[in-house]
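Line order of the protein sequences matches chains A and B. Quick note, the working numbering runs 38 ahead of the 1-based positions in the first sequence. Quick note, the working numbering runs 4 ahead of the 1-based positions in the second sequence. Step one of this worksheet: look at the structure below.
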Amino acid sequence: MTYSVVIDTLRVAAGATGVSLIAGIWLGHALKNKKAAGAVLSVLLILPPTIVASYFLFHRFAVGAAIAAGILSGLPFVARAARLEFQRLDRQTLNAARISGASEWRVFWRIALPLAGRPLAAAAAIVFARLGTECALTLWIAQP
Amino acid sequence: MTHVRIAKKTATGLSLDVDFPVGPGVTGIVGPAGAGKSLLLETMAGFVTPDSGRFLLEDAILFDAAARVNAPSRRRGIGYIFPSLALFPHMTLERNVAFAAHDWPRLERHRRVTEMLDRFDLTAAAALRPGEARAAERLHCAVARALIGEPKLLLIDDAAIDEPLLALIREKFSNPILMATADLDLCSAAADELILLDAGRMVERGTARSVLDSPESVEAARLLGIPNLFQATIAALDPARKSSRLDFGAFALNGPHIPGHFRGDRVTVAVRPCDLRVHDGKASGENLVASLLRRVSERVRYVRIEFDGGIFAEIGRDEYARLKDNQEWKIEFPPESLRVL
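Below, the structure is given as structure tokens:
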């Protein structure tokens, strides 16, 4: 039973963190110039725990559903961190890449992402730890 | 033909409005902070979209507001050296240079990168990241990165380029260079043309020598840092002797011939501080004005002396050491040094 809790926790935390990281980076990059996006992402940070808790009150535990709930919880956090990091990047450095002949994709992949990499890795680690803790606790308590 | 006609209003209230052909060689763009030098280069590079106008580079339309043409920066064929150099901090100097050679086949890219590293003395520092390299190596790397793609135009935005490096660039690069700078000495030494920019508009444009030696307006003289600007009335004109007499109120001077003006006209006269000669109070001769010394400012290579009446003179340090105990001073205005604006 303990073994299955650990496995389920790792599957949920890793799956949800992976998807949150990829989708969050994309979302953060897409929203980096949108003024209202910061407030929307902050509100989304508060909502998911309520929704997730409501869901598990009425449904049995399933790994897929738990991962989806984890994504709902982790995505706004990563997206918000990514947005702030992409906003903080030096405009001249990005323009230097553009004038050097790089496409927007290459600017993102070779310049923006490596420069914002460490804070994004930190955000992913926090999401993983938080989801892992929440999931493990929930599964321990839910055990008969 | 390379021609820039661009208008752009910014949120900070700066209104850029320029229209000029880009000639071969180096064109210096000089102006105070906030004059729009960087904005002009950024619009040419495609980082900022102008409100209106047209930009032709070697007859290719890169921007045309009316035809809704706006080529992306990566397709403009322009090299750009940023004031901060904007090197990629996570890459080595070699990779920084190679980044701009991405479109070449692998072997050709390798050859070009090696050649650039060699030309700009970066071979030893090639494996260093910008944070580990010396300032001169970072500057050379930024230049090499800007030139490796063989741009049709090089834009230098207030980077700390000096005369030897500019000469090195010109050895390799024969296309036009636009250089925004506050360094008039560099413009004098290396620029073929000069554009004076103030509050987003061109105050004067011409060959570097003519703009620096003979500014056409008070505004241009101020931008060139000429502090001796005096209001005068033309008291006499002698076209036969090609001379004039200028009345400054407190004193009168013999000046050069002033075509296009009449006796009684009010004019502004500019005199470079370095063109004035300073004597002790006993000196006699033409165009000498007695004045009181107000302030002395010692510079690296000369001494700037401020006299009563807002007269500034610059003399050598040795000459100042000889004259510094003077009780009375006389300033000589050589007639050929008076420039009527």
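Glycine is no exception: its CB is placed at the ideal position from the N, C-alpha and C atoms.
*According to the neighbour-count rule (16 or more other Cβ atoms, all chains shown, within 10 Å of its Cβ), is F266 of chain B buried or exposed?*
The residue given as residue 266 of chain B occupies position 262 in the second sequence. Classification for F266 of chain B: exposed.
*Quick one: using the 10 Å Cβ neighbour count with 16 as the cut-off for buried, is S288 of chain B buried or exposed?*
As a first step, residue 288 of chain B must be located in the second sequence, where it is residue number 284. Exposed is the call here.
*Buried or exposed: which applies to S58 of chain A, given that a residue is buried once 16 or more other Cβ atoms fall within 10 Å of its Cβ?*
Sequence index remark: in the first sequence, residue 58 of chain A carries index 20 (1-based). When all chains shown are included, S58 of chain A counts as buried.
*Examine chain A for any beta-carbon lying closer than 8 Å to the beta-carbon of F266 of chain B, and answer yes or no.*
To locate residue 266 of chain B, count along the second sequence from 1; it is residue 262. So no, F266 of chain B is outside the interface.
_If distances are taken between C-alpha atoms only, which option among A:I149, A:V101, A:C173, A:V116 comes closest to A160 of chain A?_
Working through the first sequence from its first residue, we reach residue 160 of chain A at position 122. It is A:V116 whose Cα lies nearest to the Cα of A160 of chain A.
*Kindly provide the ranges of any alpha helix (DSSP H) runs that are 4 or more residues long and lie completely inside the region 36–90 of chain B, ordered along the chain.*
41–49
*asked:* Quick check: P347 of chain B and I10 of chain B, are their CB atoms within less than 8 Å of each other?
replied: Residue 347 of chain B cannot be examined here, being either before or after the span of chain B that is shown, 5 to 345.
*Compile a chain-ordered list of the residues in the region 90–110 of chain B whose CB is closer than 8 Å to at least one CB of chain A.*
A90, L91, F92, P93, H94, F103, A104, H106, D107
*Return no unless some Cβ of chain A is closer than 8 Å to the Cβ of R149 of chain B.*
For the purposes of this step, residue 149 of chain B is taken as residue 145 along the second sequence, with counting starting at 1. Chain A, which has a Cβ nearer than 8 Å to the Cβ of R149 of chain B, makes this yes.
*Within 8 Å of chain B by C-beta, residues of the region 61–89 of chain A in sequence order*: none
*Using 8 Å as the limit for Cβ to Cβ distance, is R78 of chain B near chain A?*
Here the question's residue 78 of chain B lines up with position 74 in the second sequence. Chain A, which has a Cβ nearer than 8 Å to the Cβ of R78 of chain B, makes this yes.
*Residue closest to A107 of chain A, alpha-carbon to alpha-carbon, out of A:V43, A:I179, A:T47, A:I137*: Stepping through the first sequence from its first residue, residue 107 of chain A is reached at position 69. Comparing Cα positions, the closest option is A:T47.
*Which term fits D162 of chain B, buried or exposed, when burial requires 16 or more other beta carbons within 10 angstroms of its beta carbon?*
One-based indexing of the second sequence puts residue 162 of chain B at position 158. Burial call: buried.
*Verify whether the separation of the beta carbon atoms of T185 of chain B and L233 of chain B is less than 8 Å.*
The residue given as residue 185 of chain B occupies position 181 in the second sequence. The residue given as residue 233 of chain B occupies position 229 in the second sequence. No.
*Would a check of beta-carbon distances place L158 of chain A closer than 8 Å to chain B?*
To locate residue 158 of chain A, count along the first sequence from 1; it is residue 120. No, because no Cβ of chain B sits closer than 8 Å to the Cβ of L158 of chain A.
*The beta strand (DSSP E) with V222 of chain B in it runs from where to where?*
Numbered from 1 along the second sequence, position 218 holds the residue referred to as residue 222 of chain B. Here V222 of chain B belongs to no beta strand (DSSP E); instead the alpha helix (DSSP H) covers 222–227.
*Who are the neighbours of D46 of chain A on chain B, taking C-beta pairs under 8 Å?*
Position 8 of the first sequence, counted from the first residue, corresponds to residue 46 of chain A. By Cβ distance, chain B contributes nothing, its closest Cβ being about 37 Å from D46 of chain A, past 8 Å.
*Let me know if T14 of chain B comes out buried or exposed under the rule of 16 or more other beta-carbons within 10 Å of its beta-carbon.*
Reading the second sequence from its first residue, position 10 is the one you call residue 14 of chain B. When all chains shown are included, T14 of chain B counts as exposed.
*What is the DSSP secondary structure of A236 of chain B, reduced to helix, strand or coil?*
As a working note, residue 236 of chain B is residue 232 in the second sequence. Strand.
*Measure the alpha-carbon distance for S80 of chain A versus P114 of chain A and round it to whole angstroms.*
Within the first sequence, residue 80 of chain A is the residue found at index 42, counting from 1. Within the first sequence, residue 114 of chain A is the residue found at index 76, counting from 1. Approximately 7 Å between the Cα atoms of the pair.
*Closest Cβ-Cβ distance between G57 of chain B and chain A: below 8 Å?*
Translated into the one-based positions of the second sequence, residue 57 of chain B becomes position 53. Taking Cβ atoms only, chain A never reaches closer than 8 Å to G57 of chain B, which makes this a no.
*asked:* For the pair the region 31–45 of chain B and the region 90–107 of chain B, tell me if three or more CB-CB distances fall below 8 Å.
replied: no
*For my contact list, A54 of chain A and L169 of chain A are in at a C-beta cut-off of 8 Å; report their separation, rounded to the angstrom.*
Counted from its first residue, the first sequence places residue 54 of chain A at position 16. Counted from its first residue, the first sequence places residue 169 of chain A at position 131. Contact holds; Cβ gap of about 5 Å.
*asked:* Let's see if you can read the secondary structure: which residues bound the alpha helix (DSSP H) around D122 of chain B?
replied: Along the second sequence, read from residue 1 onward, the residue named residue 122 of chain B stands at position 118. Counting along the chain, the alpha helix (DSSP H) containing D122 of chain B begins and ends at 110–123.
*Thinking just about the alpha-carbon of each residue, which of B:D312, B:R305, B:L297 is nearest to the one in K328 of chain B?*
In the second sequence, residue 328 of chain B corresponds to position 324, counting from 1. The candidate whose alpha carbon is nearest that of K328 of chain B is B:L297.
*At a Cβ threshold of 8 Å, is A154 of chain A touching chain B?*
Along the first sequence, one-based indexing puts residue 154 of chain A at 116. Closer than 8 Å: no.
*Can you tell me whether DSSP reads R49 of chain A as helix, strand or coil?*
Within the first sequence, the letter at position 11 stands for residue 49 of chain A. In the structure shown, R49 of chain A sits in a helix (DSSP, three-state: H, G or I).
*Check the Cβ-Cβ distances between I82 of chain B and every residue of chain A, and say whether any is below 8 Å.*
In the second sequence, the residue the question calls residue 82 of chain B occupies position 78. Answer yes: the Cβ-Cβ gap between I82 of chain B and chain A drops below 8 Å somewhere.
_Every unbroken beta strand (DSSP E) inside the region 173–221 of chain B [3 residues or more]_ = 181–185, 197–202, 205–211
*Which residues in the same chain have their Cβ closer than 8 Å to the Cβ of A150 of chain A, if we skip the five residues on either side of it in sequence?*
In the first sequence, the residue the question calls residue 150 of chain A occupies position 112. Excluding residues within five positions, the ones whose Cβ falls inside 8 Å are H67, F124, L127, L132.
*Paired residues, beta bridge with Y306 of chain B - DSSP*: On the second sequence, position 302 is the one that residue 306 of chain B refers to. Paired residue(s): B:G320.
*Mind pulling the chain B residues with CB within less than 9 Å of R136 of chain A?*
One-based indexing of the first sequence puts residue 136 of chain A at position 98. A49, G50, F51, P76, S77, R78, listed in chain order.
*Starting from the beta carbon of A140 of chain A, find every residue of chain B whose beta carbon is closer than 8 Å, and list them in chain order.*
Along the first sequence, one-based indexing puts residue 140 of chain A at 102. Those are R78, F103, H106, listed as they occur along chain B.
*Would the beta-carbon of F51 of chain B fall within 8 Å of that of F59 of chain B?*
What you label residue 51 of chain B is simply residue 47 of the second sequence in a count that begins at 1. What you label residue 59 of chain B is simply residue 55 of the second sequence in a count that begins at 1. Cβ distance not < 8 Å, so F51 of chain B and F59 of chain B don't count as in contact.
*Report the neighbours of G153 of chain B on chain A: residues whose CB is nearer than 8 Å to its CB, in chain order.*
Counted from its first residue, the second sequence places residue 153 of chain B at position 149. Within chain A, the residues near G153 of chain B are S138, G139.
*Cβ of S42 of chain B less than 8 Å from any chain A Cβ?*
Position 38 of the second sequence, counted from the first residue, corresponds to residue 42 of chain B. Answer no: the Cβ-Cβ gap between S42 of chain B and chain A never drops below 8 Å.
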